[in-house]
Amino acid sequence: MSSDDVWILGIRMTKFGKRPDDDVMDIASEAALGALADGGVTMADMGVLAAGNLMSMGAPTGQLLQKQIGQTGIPVYNVSNACATGATALRTVIMAIKAGECDMGLAVGVEKLAGAGLLAGGSRKADSDTWQPKGRYGAVASVDGRIGTEIMPGVFAQIGMEYGHRYGGTSFELFARISEKNHAHSTLNPLAAYTKRLSLDEIMNDVMIAYPNTRPMCSANCDGAAAAVVVSDAKLRTLDPDQRRRAVKVSASVLTSDPWTESCQVLPDVNTLTRRAATQAYEQAGVGPEDLDLVELHDCFATAELVHYDNLMLCPEGGAVDFFESGAPWRDGRLPVNVSGGLQSKGHPIAATGIANIWEVCHHLRGEAGDRQIEGARVGLAHVIGLGSACGVHILEKAA
Amino acid sequence: MPDQVPLVDYLALSPEPHLVAHECDACGARFFDRRNACASCSGTSFHAVDVPTAGELVTFTIVSFAAPGVPVPFVAGVVDCGGTSVRANVINTDPDPTHVRTGMPVQLATFVVGTDSEGVEAVGFGFEPVEATS
Ligand SMILES: [Zn+2]
Numbered sequence: 085m086s087s088d089d090v091w092i093l094g095i096r097m098t099k100f101g102k103r104p105d106d107d108v109m110d111i112a113s114e115a116a117l118g119a120l121a122d123g124g125v126t127m128a129d130m131g132v133l134a135a136g137n138l139m140s141m142g143a144p145t146g147q148l149l150q151k152q153i154g155q156t157g158i159p160v161y162n163v164s165n166a167c168a169t170g171a172t173a174l175r176t177v178i179m180a181i182k183a184g185e186c187d188m189g190l191a192v193g194v195e196k197l198a199g200a201g202l203l204a205g206g207s208r209k210a211d212s213d214t215w216q217p218k219g220r221y222g223a224v225a226s227v228d229g230r231i232g233t234e235i236m237p238g239v240f241a242q243i244g245m246e247y248g249h250r251y252g253g254t255s256f257e258l259f260a261r262i263s264e265k266n267h268a269h270s271t272l273n274p275l276a277a278y279t280k281r282l283s284l285d286e287i288m289n290d291v292m293i294a295y296p297n298t299r300p301m302c303s304a305n306c307d308g309a310a311a312a313v314v315v316s317d318a319k320l321r322t323l324d325p326d327q328r329r330r331a332v333k334v335s336a337s338v339l340t341s342d343p344w345t346e347s348c349q350v351l352p353d354v355n356t357l358t359r360r361a362a363t364q365a366y367e368q369a370g371v372g373p374e375d376l377d378l379v380e381l382h383d384c385f386a387t388a389e390l391v392h393y394d395n396l397m398l399c400p401e402g403g404a405v406d407f408f409e410s411g412a413p414w415r416d417g418r419l420p421v422n423v424s425g426g427l428q429s430k431g432h433p434i435a436a437t438g439i440a441n442i443w444e445v446c447h448h449l450r451g452e453a454g455d456r457q458i459e460g461a462r463v464g465l466a467h468v469i470g471l472g473s474a475c476g477v478h479i480l481e482k483a484a
Numbered sequence: 027m028p029d030q031v032p033l034v035d036y037l038a039l040s041p042e043p044h045l046v047a048h049e050c051d052a053c054g055a056r057f058f059d060r061r062n063a064c065a066s067c068s069g070t071s072f073h074a075v076d077v078p079t080a081g082e083l084v085t086f087t088i089v090s091f092a093a094p095g096v097p098v099p100f101v102a103g104v105v106d107c108g109g110t111s112v113r114a115n116v117i118n119t120d121p122d123p124t125h126v127r128t129g130m131p132v133q134l135a136t137f138v139v140g141t142d143s144e145g146v147e148a149v150g151f152g153f154e155p156v157e158a159t160s
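Going line by line, the protein sequences match chains A and B. Numbering-wise (my numbering), the first sequence opens with residue 85 and increments by one. Numbering-wise (my numbering), the second sequence opens with residue 27 and increments by one.
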């Protein structure tokens, strides 16, 4: 008897880092062809393709990819959802399969981002020579830097500092120690953009971007792609035992946007939609945070990782500092978080991130993570958040 | 005294400088931008309300690395003004974590952003620490 479960059949993440000789399609093709080969299938088996590439500004990424690896005429969805773009592509394929439109599909996220700067705010234009109110706030001049900040390191710094104000226990050093963990974890990940362990001193004394986030506490801009092949339960049952054995069950796939909260239009509220997504995901999967063997969460900044311990309910409400201080999220701790190195060290090629985190979890559930294998991992959670906001949470389980 | 215009339309300069929000008639949600409808309840009628000029700094960052043309360092934060959250810079204090802390009481203050070719000043706002009175 087949169920309405869906499975990851094949998945691939490329090396993250600087790839000056490759264009977007080189990197996307490597991930897509790699995922297909990993699943033992080809483009001819795919019934749907969803693709994301945030920096392409509306280019038909999926069709451009097809023109390199296989124009089979299947429906293509080009998706864009900030840093949750990859998770959105994956979820689009999952929805198509759950809707019965096809029994197999491919999701791809790719980005060329090495050397990019702050990715927000833009340059401040010179003030005009007569004041003319413009836009929804009737501003007569640029407000970035005059009424708060629009840069991501500053926005997420405030999100972490707000948590500290509410619950106490945070400090510059605490946030830096979270980054120290992730930079230590990536030393075991050959696909990470950075694999050099950094001392706490090195992290704290690096260039300050937006207090308390120094440069290594910010996500690393880099090139990279990730792709996944999704298959229905009924189709999986017709495949070879080896394909079935390595398939990873998608126990929950959830996407939320931010509901209105009092301050959400003043400072993005990344907490409420993440908590809602996590709640729905645990319910869908029939598991709780205590059942997780590893978590890949969206540590776009060290200050963000802390609040998501709480939002994903890895600790009691208000207990994120204690959770970190207990050593739990280190790879030898009770609940390893970001053993890949996370966005701060593995890197953050934006549209790839929401599939790359799934790849990391699948790698462990399949027992194929090599030196950084979390022994006996059976259940993992992958989380991304894109400001705007969109939150994707997937819970994955090893094949029984 | 030259003519003045506010940096943004939700800053009222008289009688004393203060912020004005659009409050939803139906649910009381407050917004500073021009509205199509309420993000909380989808209501479409609003009235103007004055926001208290004193509040508590609930979070901040000290931006040291910003977009080209934006002078650094500066302190950006969120102030809770009697239940209404306001985005603003913390001004008239040293931009370092020994002088700025969450929970500190602050009050609205204005500053001149610049003067245009017709001699009109644009006036911005921020929040400054309230001096502890002994
Ligand atoms: Zn309303």
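Note that beta-carbon positions come from the ideal geometry of N, C-alpha and C, so glycine has one too.
At a beta-carbon threshold of 8 Å, none of the residues of chain A lie near Phe153 of chain B; the nearest stands roughly 11 Å away. According to DSSP, Phe408 of chain A shares a beta bridge with no other residue. Against chain B, the beta carbon of Leu320 of chain A has no neighbour under 7 Å; the closest one sits roughly 42 Å away.
Relative to ligand 1, the beta carbon of Gly103 of chain B is positioned no closer than 7 Å to any heavy atom.
CA-to-CA, the gap between Arg415 of chain A and Ile458 of chain A works out to about 7 Å. Neighbours of Leu351 of chain A in chain B, taken as residues at a C-beta separation under 8 Å, are given in chain order as Thr85, Val104, Ser111 and Arg113. Collapsing the DSSP output to three states places Lys333 of chain A in a strand.
Met130 of chain A sits in coil when the DSSP states are folded into three classes, being neither helix nor strand. Not flagged as an interface residue toward chain B: Pro300 of chain A, since no C-beta distance is shorter than 8 Å. The beta-carbon separation of Ile92 of chain A and Cys475 of chain A, rounded to 20 Å, does not stay under the 8 Å limit for a contact. With a cut-off of 8 Å on Cβ pairs, the stretch 431-448 of chain A is in contact with the stretch 95-113 of chain A, counting three or more such pairs. Contacts with chain A at 8 Å (Cβ-Cβ) include Asp35 of chain B. For the stretch 216-230 of chain A, the residues whose beta carbon sits under 7 Å from a beta carbon of chain B are, in order, Pro217, Arg220, Tyr221, Gly222, Ala223, Val224, Ala225, Val227, Asp228, Gly229 and Arg230. Between the beta-carbon of Leu138 of chain A and that of Glu185 of chain A there is about 26 Å, and that puts the pair past the 8 Å contact cut. Contact between Val96 of chain B and Asp213 of chain A does not hold, since the beta-carbon distance rounds to 20 Å and is not under 8 Å.
Annotation for Ser66 of chain B indicates a beta carbon within 7 Å of some heavy atom of ligand 1.
As DSSP reads the structure, Ala38 of chain B sits in a beta bridge with B:His44. Among the residues of chain B, those whose CB is under 7 Å from the CB of Asp213 of chain A are Asp142 and Ser143, following chain order. Counting only Cβ-Cβ distances below 7 Å, Ser347 of chain A has contacts in chain B at Val104 and Ser111, in chain order. Neighbours of Asp120 of chain B in chain A, taken as residues whose beta carbon is under 7 Å from its own, are absent, since the nearest beta carbon is some 13 Å off.
The continuous alpha helix (DSSP H) containing Thr358 of chain A extends over residues Val354 to Ala369. Around Arg450 of chain A, the same chain offers Arg330, Val332 and Lys482 as residues with beta carbons nearer than 8 Å, after the five sequence neighbours per side are excluded. At a threshold of 7 Å, Ala47 of chain B does not count as near ligand 1, since its beta carbon sits no closer than that to any of the ligand's heavy atoms.
Look at Thr70 of chain B: its C-beta is not under 8 Å from any C-beta on chain A.
Counting of Cβ neighbours within 10 angstroms places Cys53 of chain B among the exposed residues, the total staying below 16. DSSP, read as helix, strand or coil, puts Pro155 of chain B in strand.
Excluding sequence positions up to five before and after Gly124 of chain A, its CB lies within less than 6 Å of the CB of Gln327, all in the same chain and listed in chain order. In this structure, ligand 1 has a non-hydrogen atom nearer than 7 Å to the beta-carbon of Cys53 of chain B. Taking C-beta atoms as the reference points, Ala404 of chain A and Ile111 of chain A fail to come closer than 8 Å. Using a Cβ-Cβ cut-off of 8 Å, Ala38 of chain B does not count as an interface residue toward chain A, since no Cβ of chain A sits closer than that to its own. When the five nearest sequence neighbours on each side are left out, the beta carbons in the same chain lying within less than 8 Å of the beta carbon of Thr156 of chain A are those of Met127, Ala128, Met130 and Gln150, in order along the chain.
Under the three-pair Cβ rule at 8 Å, the stretch 65-85 of chain B counts as touching the stretch 38-51 of chain B.
Secondary-structure assignment with DSSP links Ala223 of chain A through a beta bridge to A:Lys218.
Gly69 of chain B has its CB nearer than 7 Å to a heavy atom of ligand 1.
Excluding five sequence positions before and after Val149 of chain B, the CB atoms of its chain that fall closer than 8 Å to its own CB belong to Gln30, Val31, Pro32, Leu33, Leu37, Leu39, Pro43, Thr136, Phe137, Val138 and Val139, given in chain order.
Under the three-state reduction of DSSP output, Phe91 of chain B falls in the coil class, being neither helix nor strand.
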